[in-house]
Amino acid sequence: MSGALRVVHFVNQFFGGVGGEEAANIPLEVREGPVGPGRLLQQALGEGGSVVTTLVGGDNYFSERKEEALASVTAALRSAKPDVVVAGPAFDAGRYGLACGEVCKAAQALGIPAVTGMHPENPGILSHGQQIIAVGTGSTPVEMPAALQAMARLALKLGGSQELGPAAEEGYLPRGIRRLGAREAPAATRAVDMALAKISGKPWMSEVPVHLPDRVAPAAPVANLKDATIALVTTGGLVRRGNPDRQSSGNPTRYYRHSVVELESLSGKDWEAYHGGYFNAIVNSNPNYILPLSFMRVLEREGVVGRTHQWIHAMPGVGTPVAKSRRFGEDIARDLKEDGVDGALLVAT
Amino acid sequence: MRLELGSFPVTDIVFGARTRWQDSVLEIDARALLEEMRSDPRITRAELELARPGESVRIWPVRDAVEPRIKVEGPGVAYPGICGRAIDTVGQGRTHRLAGMSVVEVSEVLPHDAGGDYNSIFYDMSGPWAEMIPMSKLLNLCLLVEADPALTIIDQNDAVHRATLKLADRLAATTVGLEPPQREVFELGPVDPALPKVVYIPCLHSAQAMSGNGSNGFFCTTATYGLSMLTPPWPMHPNEILDGAITGPYRIATSWHLANNRILLELYRRHGVDLNFAGVIAVRTEWTTMEEKELMCLQTAKVAQMLGAQGAIVAWDAGGNEFLEVVHTVRACQRAGIKTVLLTSEDDPTGGAPTLLEPLPEADAVVSTFIGGSGYPGGSGPASSQMLPAMARVIGSPTRLVGAVRDEVIDVAGPMPPPRYNDTYGFGRYSGVEY
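Sequence lines, in order, name chains A and B. Residue numbering for the first sequence is 1 to 349, as defined by this note's numbering. Residue numbering for the second sequence is 1 to 435, as defined by this note's numbering.
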């Protein structure tokens, strides 16, 4: 067996042969060689890998004394020095699935690749699915041989430092990581095929899983507007005239802060728009259209709002991916929060 | 509506003493043709250069690519309406096309008059970028054309695009009176009533928001019978599109892509086989208010219902806020009981961000054509840091302005980051895949 990968297998108390629910509190046991389903795993690994150690842990032990359990796993892995860790499969067993997820992450933290298997709706996937390699299984151990075959294949690849291909090709559950790839048929053919499947009630697989955006709970209304500090933020591409800051006209790399404390209004002599998504000349004649400072000054005088925040935030919103927009939004919100702003007016174009 | 499309393959283009198509070779009398281009006093430069597939050539800046097409029977002209051409309804009779080539409009004229406007598209005839785009597999006859910079952006655009169309017309005219080597008949004849009715809904950006006069001036953008402004959902027969009724570029999609629209041809070629192609609804995008956007979506679904659609394919030419019209059209169709597929590229997934600007649950059948920020397949790191290889020859301008405010000059022949790829009309196999 020289050259075979060293494999450590993790199973729970049930598959470790210790017992059912009554044994769910057992602490981590380290045993030599394969145990229970580990024998099937060994068969599936063949010459390529050897199950040198089996870790057996109780479901409740992992859920109730997580830190202690993971410290024992880490210690056991340090001493066993495996090339790859295999956990489970856990099927639809929730606590077991969570433990498998934790074991995989503990191994990965030591630089050891790991693979598990479980039902796609197992809490272990819901909690750790983006960080672990897991083969999707059915609900019950009837599928044990198939699941271990698939896991063994991935374990040999991972243990041999091979990079994994796309989830669908390799047979692991998608982790929410999207990369550029290629499919067999041209997009037009795929679109028509998908439409016909959908119309006829046949199964189809969207190439972009529905990934609903973050829902942001609205902040509480400004309690007392006439004492409030209101900030102005614009994605209309406002720049100082001549664009001395060299702000881009789209897909910005940063936002800019300008003080308007001494200004009554934005004059077209001093400010303009530089934005690739609309005809800028109208705004250039009155920049208050994209940052309504002059209107805010009227509201201040009338006592409707307390004051306009000294700092304005500006950038062009056009063509900015969600990831970047989220970061800009968080940073601007932090700026405003630190400055004690009560409310913000975001002017989009 | 019956259209016969006669294809004249072009396997080589040679410069010679006359302009004719013979035995798949297109001979061009460049001097006579260019004289005609230059007879428009607005034109300050007109030159011709040829780029062949596989050559170490970069074409910059590319504004449009036009497949020479001409109507030899039936009303109207190919590419109707744009640049003052006749507006008769097209799609009937016989149209000839020169297949395997395009006339590439190479010009520094800016597409719109939005802030910081710039050109960004180039073609490589070899290397990784050439692998990605259908245009690099064509013989590209490049018209290097510039207009008087004192003119308005609209007039400059009209001048250079009119010259491009004039050249394409002259080349297509070489097939008049000849028998096409290949013919295909396009007709939405009666089919088995059990086959599902499917409509195609291309969503087209309107440059109206980028225009000072809000009028129908031609920018470097798509025009429907010449109209580029915001218009309500426009039902069309697919034959009209084969005759170029929607034409002009938007970003990487060109007139060539529209006339050879892969989605439209897929639906057409499966008409009577496994579906019933019920027609096209062209939707304009980048309306201003949410209410306007929503209205267009609801009206699109209404028209689709009137066409009897059971299914729809929605695609768009990619941008930002236009996605709201697009994905709300998907929702409106779904709510009207029409099973809808969205064909789109995805945004940058960095940080686990959703790759669709507004991912609605109704958009549950999506064909992904690319992932934003990916550059080219096999390229590592963000697109902006990936470099396409240097090319031996540049057709067009030798330099390009880059940087945040486009004031840094780079050598076009040298290493260059790839342009933003998109596949509005479904030619490619690229896709976002899950790891």
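Backbone N, C-alpha and C define an ideal beta-carbon position, used for all residues, glycine too. Keep in mind the model is a prediction, meaning the values are calculated, not measured.
1. Alpha carbon to alpha carbon, how far is ASP411(B) from PRO213(A)?
2. So which residues of chain A does PHE310(B) contact, with C-beta pairs closer than 8 Å?
3. So, with DSSP's three-state summary, where would you put SER397(B)?
4. With DSSP collapsed to three states, give me the class of HIS211(A).
5. Figure out for me which residue from ARG334(A), VAL73(A), ARG31(A) has the closest Cα to the Cα of LYS105(A).
6. List, in order along the chain, the chain A residues whose C-beta lies closer than 8 Å to that of GLY120(B)?
7. Return the CA-CA distance between GLU47(B) and VAL394(B), expressed in angstroms with no decimal places.
8. Looking only at C-alpha atoms, which of ASP124(B), LEU110(B), MET125(B) sits nearest to TYR118(B)?
9. Please go through the region 155-243 of chain A and give each complete beta strand (DSSP E) segment of 3 or more residues, from N-terminal end onward.
10. Comparing the C-beta of LYS339(B) with each C-beta of chain A, is any distance below 8 Å?
11. Looking at the structure shown, is LYS105(A) part of a helix, part of a strand, or coil, going by DSSP?
12. What residues from the region 217-247 of chain A come within 8 Å of chain B, judged by C-beta to C-beta, listed N to C?
13. With a threshold of 8 Å on Cβ separation, who are the neighbours of ARG38(B) within its own chain once the five nearest residues in sequence on each side are excluded?
14. Out of GLY49(A), GLY19(A), ASN25(A), which one is the CA nearest neighbour of PHE62(A)?
15. Could you please give me the residues that DSSP links to ARG6(A) through a beta bridge?
16. Could you tell me which of GLY375(B), GLY372(B), ARG331(B), GLY351(B) sits nearest to ASP364(B), measuring between CA atoms?
17. Quick one, which residues of the region 250-271 of chain B are near chain A if we go by CB-CB under 7 Å, in chain order?
18. Name the chain A residues whose beta carbon is nearer than 8 Å to that of GLY432(B)?
19. At the 8 Å Cβ level, is PRO419(B) part of the contact set with chain A, yes or no?
20. Should the region 318-331 of chain B be called in touch with the region 277-287 of chain B, which here means at least 3 C-beta pairs below 8 Å?
21. What are the start and end residues of each continuous alpha helix (DSSP H) run of 4 or more residues lying completely inside the region 260-320 of chain A, in chain order?
22. Hey, how far is the Cα of GLN299(B) from the Cα of ALA86(B)?
23. Taking all protein chains shown into account, decide if ILE125(A) is buried (16 or more other Cβ within 10 angstroms of its Cβ) or exposed.
24. Give the residues of chain B in contact with PHE279(A), contact being defined as C-beta atoms less than 7 Å apart.
25. When Cβ atoms are compared, which residues of the region 305-326 of chain A fall closer than 7 Å to chain B?
26. In the DSSP output, which residue or residues are listed as bridge partners for ILE446(B)?
27. Taking C-alpha atoms, which residue in PHE14(A), VAL51(A), TYR96(A), PHE15(A) lies nearest to GLU32(A)?
28. Against chain B, does MET1(A) count as a neighbour if the rule is that its beta carbon must be under 8 Å from one of theirs?
29. Hey, ALA4(A) and GLY49(A): beta-carbon distance below 8 Å or not?
30. Apart from the five residues just before and just after LEU360(B), which ones in its own chain have a Cβ nearer than 6 Å to its Cβ?
31. Comparing the C-beta of LEU346(A) with each C-beta of chain B, is any distance below 8 Å?
32. List, in chain order, every chain B residue whose beta-carbon is nearer than 7 Å to that of MET194(A).
33. Considering only their Cβ atoms, is the gap separating VAL192(A) from ARG270(B) smaller than 8 Å?
34. Quick check on the burial criterion: 16 or more other C-beta atoms within 10 angstroms. Buried or exposed for MET1(A)?
35. With a threshold of 8 Å between beta-carbons, can ARG429(B) be considered close to chain A, or not?
36. Using 8 Å as the cut-off, can you tell me whether the region 218-230 of chain A makes contact with the region 306-319 of chain A, which would need three or more C-beta pairs spanning the two stretches below that distance?
Checking against the coordinates, here is how it stands:
1. Cα to Cα, ASP411(B) sits roughly 41 Å from PRO213(A).
2. The amino acid at residue 310(B) is misidentified as Phe; the sequence shows Gln. Counting only Cβ-Cβ distances below 8 Å, GLN310(B) has contacts in chain A at ILE199, in chain order.
3. Judged by DSSP in its simplified three-state form, SER397(B) adopts coil rather than helix or strand.
4. Coil at HIS211(A), not helix or strand.
5. It is VAL73(A) whose Cα lies nearest to the Cα of LYS105(A).
6. A small fix is needed here, since residue 120(B) is Ser in this sequence, not Gly. Under the 8 Å cutoff, chain A gives no residues; its nearest Cβ is about 11 Å from SER120(B).
7. A straight line joining the alpha-carbon of GLU47(B) with that of VAL394(B) spans about 14 Å.
8. When C-alpha distances from TYR118(B) are compared across ASP124(B), LEU110(B), MET125(B), the shortest belongs to LEU110(B).
9. List check, beta strand (DSSP E) in window: 178-182, 229-234, 238-240.
10. So, interface residue.
11. In the structure shown, the three-state DSSP call for LYS105(A) is helix.
12. Cβ proximity to chain B below 8 Å picks out GLY237, ASN243, ARG246, GLN247 from the region 217-247 of chain A.
13. If we look at ARG38(B) and ignore the five residues flanking it on each side, its Cβ neighbours are ALA46.
14. Ranking GLY49(A), GLY19(A), ASN25(A) by Cα distance to PHE62(A) puts ASN25(A) first.
15. Secondary-structure assignment with DSSP links ARG6(A) through a beta bridge to SER50(A).
16. Per the Cα distances, ARG331(B).
17. Shown in chain order are the members of the region 250-271 of chain B whose Cβ falls below 7 Å from a Cβ of chain A: ARG262, ILE263, GLU266, LEU267, ARG270.
18. Under the 8 Å cutoff, chain A gives ARG178, ARG179, LEU180, GLY181, GLU207, VAL208.
19. PRO419(B) is outside the set of residues whose beta carbon lies under 8 Å from a beta carbon in chain A.
20. In short, these stretches touch, since the Cβ pair count reaches three.
21. The qualifying runs are 281-285, 293-301.
22. Answer to the nearest angstrom: the Cα atoms are 28 Å apart.
23. Buried.
24. In chain order, ASP113, ALA114, ALA209, MET210, SER211, GLY212 make up the part of chain B whose C-beta sits under 7 Å from the C-beta of PHE279(A).
25. Residues are counted here when their Cβ sits less than 7 Å from a Cβ of chain B; for the region 305-326 of chain A these are VAL318, GLY319, PRO321, VAL322, ALA323, ARG326, given in chain order.
26. Absent from the model: residue 446(B). The displayed extent of chain B is 1 to 435, so no value can be given.
27. For the residues PHE14(A), VAL51(A), TYR96(A), PHE15(A), the minimum Cα distance to GLU32(A) belongs to VAL51(A).
28. Model confidence at MET1(A) stands at a pLDDT of 44, short of 50, so the residue's coordinates are unreliable and nothing is read from them.
29. In this structure, GLY49(A) lies closer than 8 Å to ALA4(A) by Cβ.
30. So the qualifying residues of the chain are VAL327, ARG331.
31. No - not a single Cβ of chain B is within 8 Å of the one on LEU346(A).
32. Within chain B, the residues near MET194(A) are VAL341, ALA365, VAL367.
33. The answer is yes: Cβ separation under 8 Å.
34. Reliability of the predicted coordinates at MET1(A) is poor, the pLDDT of 44 falling under 50, and the value obtained from them is presented with this limitation in mind. MET1(A) comes out exposed.
35. For ARG429(B), the answer is yes, since a Cβ of chain A falls inside 8 Å of its Cβ.
36. Yes, the region 218-230 of chain A touches the region 306-319 of chain A.
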